[in-house]
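I have placed the structure first, in the form of structure tokens, so that the comments after it can refer back to it.
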Amino acid sequence: DTGVSQDPRHKITKRGQNVTFRCDPISEHNRLYWYRQTLGQGPEFLTYFQNEAQLEKSRLLSDRFSAERPKGSFSTLEIQRTEQGDSAMYLCASSPGTSEKGNFGPGTRLTVT
Amino acid sequence: AQRVTQPEKLLSVFKGAPVELKCNYSYSGSPELFWYVQYSRQRLQLLLRHISRESIKGFTADLNKGETSFHLKKPFAQEEDSAMYYCALGAGNRDDKIIFGKGTRLHILP
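Chains as they are written, first to last, in this note's numbering: chain C, 289 to 401; chain B, 5 to 114.
Pasting the structure below:
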């Protein structure tokens, strides 16, 4: 499968714990996006990278959230001190430029108990 | 403010009947509109975009700037069309992010 991959697919954690998700984009896609989707809502933009540079962060991304993309390849999204409100599906997408916006990963479903 | 509104959470249509999924947007610039689809247990995928003006799986959507709408249409529904459909707005060259509506679940009745 040469599409966007995400790991893990599911994560259950206790409130207050830290979690980290990984996204592997399609090879040579220089843009990588993170979205969050809660029940009954469409995906909401969190942040995006062009190569290793993080170009925009949504106000949804509180100080407990941090994203990185070292070397412009895979990306990680870390949530510190998780709260129940962080329970959601976290989606990653990649694109080779501004014109293509269709390559989403399967998502990581986070459940905070 | 940039916003996408899909007024229907659920739309049930009989097989063979026409389908119209409504979408309205709010955006001050020149919008780039998309429809995404998510079939059961599959990832989100792009269905069509207004600038390509193509028909995918029999679906079409026309951008109406006067009414700020981008409704998705198909003349004859098929059972395999049952899925979650999201209308989305490209927020501009610099931002490059996509703003999604809340989605409409399309249920095709046999």
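Ideal Cβ placement from N, Cα and C applies to all residues, glycine included. Values in this document were obtained by computation on a predicted structure and should not be read as measured data.
*First and last residue of the beta strand (DSSP E) that includes C/Asp295?*
As a first step, residue 295 of chain C is located in the first sequence; it is residue number 7 there, counting from the start. Looking at the DSSP string, the run of the beta strand (DSSP E) that includes C/Asp295 is 293-295.
*Look up C/Lys345 in the DSSP assignment and say whether it is helix, strand or coil.*
Reading the first sequence from its first residue, position 57 is the one you call residue 345 of chain C. The answer is strand: DSSP assigns C/Lys345 an E or B state.
*Is there a Cβ from chain C that is less than 8 angstroms from the Cβ of B/Phe38?*
Here residue 38 of chain B refers to the residue found at position 34 of the second sequence. Chain C contact via Cβ: present.
*Residue range of the beta strand (DSSP E) that includes B/Phe2*: Not covered by the structure: residue 2 of chain B. The range shown for chain B is 5 to 114.
*Compute the Euclidean distance between the alpha carbons of C/Cys380 and C/Leu320, then round it to the nearest angstrom.*
Start at 1 with the first residue of the first sequence, and residue 380 of chain C comes out as number 92. Start at 1 with the first residue of the first sequence, and residue 320 of chain C comes out as number 32. Rounded to whole angstroms, C/Cys380 to C/Leu320 spans 7 angstroms at the Cα level.
*Closest by C-alpha distance to C/Ala376, when choosing among C/Glu316, C/Pro313, C/Glu332, C/Ser293*: Here residue 376 of chain C refers to the residue found at position 88 when the first sequence is read from its first residue. Closest by alpha carbon: C/Glu332.
*Closer than 7 angstroms by C-beta to C/Glu371: which residues in its own chain qualify, once you throw out the five before and the five after it? Chain order, please.*
By 1-based counting over the first sequence, the position of residue 371 of chain C is 83. Within the same chain, C/Glu371 has close Cβ partners Arg303, Val400.
_Beta-bridge pairing of B/Arg109 - partner residues as DSSP gives them_ = By one-based count along the second sequence, residue 109 of chain B stands at place 105. Partner(s): B/Leu14, B/Met88.
*Can you name, in chain order, every residue of its own chain whose Cβ lies under 7 angstroms from the Cβ of C/Leu327, other than the five neighbours on each side?*
Position 39 of the first sequence holds residue 327 of chain C. Taken in chain order, the list of residues that qualify is empty.
_CB contact below 8 angstroms: C/Glu371 versus chain B_ = Within the first sequence, numbered from 1, the residue matching residue 371 of chain C stands at position 83. No, C/Glu371 does not count as interfacial toward chain B.
*Look at the Cβ atom of B/Cys27, then the Cβ atom of B/Gly107, and state whether they are nearer than 8 angstroms.*
Taking the first residue of the second sequence as 1, we reach residue 27 of chain B at position 23. Taking the first residue of the second sequence as 1, we reach residue 107 of chain B at position 103. Contact flag unset, no.
_Taking the straight line between their C-alpha atoms, what separation do you get for C/Ser354 and B/Gly62?_
Mapped onto the first sequence, residue 354 of chain C falls at position 66. Mapped onto the second sequence, residue 62 of chain B falls at position 58. Those two C-alpha atoms are separated by around 41 angstroms.
*Excluding sequence positions up to five away, which residues of its chain have a Cβ less than 7 angstroms from the Cβ of C/Arg352?*
Locating residue 352 of chain C in the first sequence gives position 64, counting from the first residue. So the qualifying residues of the chain are Ile367, Gln368, Arg369.
*Thinking C-beta only, is B/Pro114 closer than 8 angstroms to B/Lys19?*
One-based indexing of the second sequence puts residue 19 of chain B at position 15. One-based indexing of the second sequence puts residue 114 of chain B at position 110. Yes, Cβ-Cβ distance for B/Lys19 and B/Pro114 is below 8 angstroms.
*Classify B/Gly62 as helix, strand or coil using the three-state DSSP reduction.*
Start at 1 with the first residue of the second sequence, and residue 62 of chain B comes out as number 58. Residue state, collapsed to three classes: coil.
_Using a Cβ-Cβ cutoff of 7 angstroms, what residues of the segment 43-70 of chain B are near chain C? List them in chain order._
Arg47, Leu48, Gln49, Leu50
*Can the beta-carbon of B/Glu58 be found closer than 8 angstroms to that of B/Leu50?*
As a working note, residue 58 of chain B is residue 54 in the second sequence. As a working note, residue 50 of chain B is residue 46 in the second sequence. For B/Glu58 and B/Leu50, no; Cβs fall outside 8 angstroms.
_Rounded separation between B/Pro22 and B/Ser30 - CA only_ = Start at 1 with the first residue of the second sequence, and residue 22 of chain B comes out as number 18. Start at 1 with the first residue of the second sequence, and residue 30 of chain B comes out as number 26. Roughly 26 angstroms separates the two Cα atoms.
*asked:* With distance defined between alpha-carbon atoms, name the residue in C/Pro296, C/Gln294, C/Phe309, C/Ile314 nearest to C/Ser383.
replied: Counting from 1 along the first sequence, the entry for residue 383 of chain C is found at position 95. For C/Ser383, the nearest C-alpha among the options comes from C/Ile314.
*Do we get a CB-CB distance below 8 angstroms when we pair B/Leu106 with the residues of chain C?*
Along the second sequence, one-based indexing puts residue 106 of chain B at 102. Position check: residue 106 of chain B holds Lys in this sequence, whereas Leu was assumed. Chain C contact via Cβ: present.
*asked:* Within 8 angstroms, do at least three Cβ pairs link the segment 32-50 of chain B to the segment 80-94 of chain B?
replied: yes
*Report yes or no: is there a C-beta of chain C within less than 8 angstroms of the C-beta of B/Gly33?*
Translated into positions along the second sequence, residue 33 of chain B becomes position 29. Not one chain C Cβ lies under 8 angstroms of B/Gly33.
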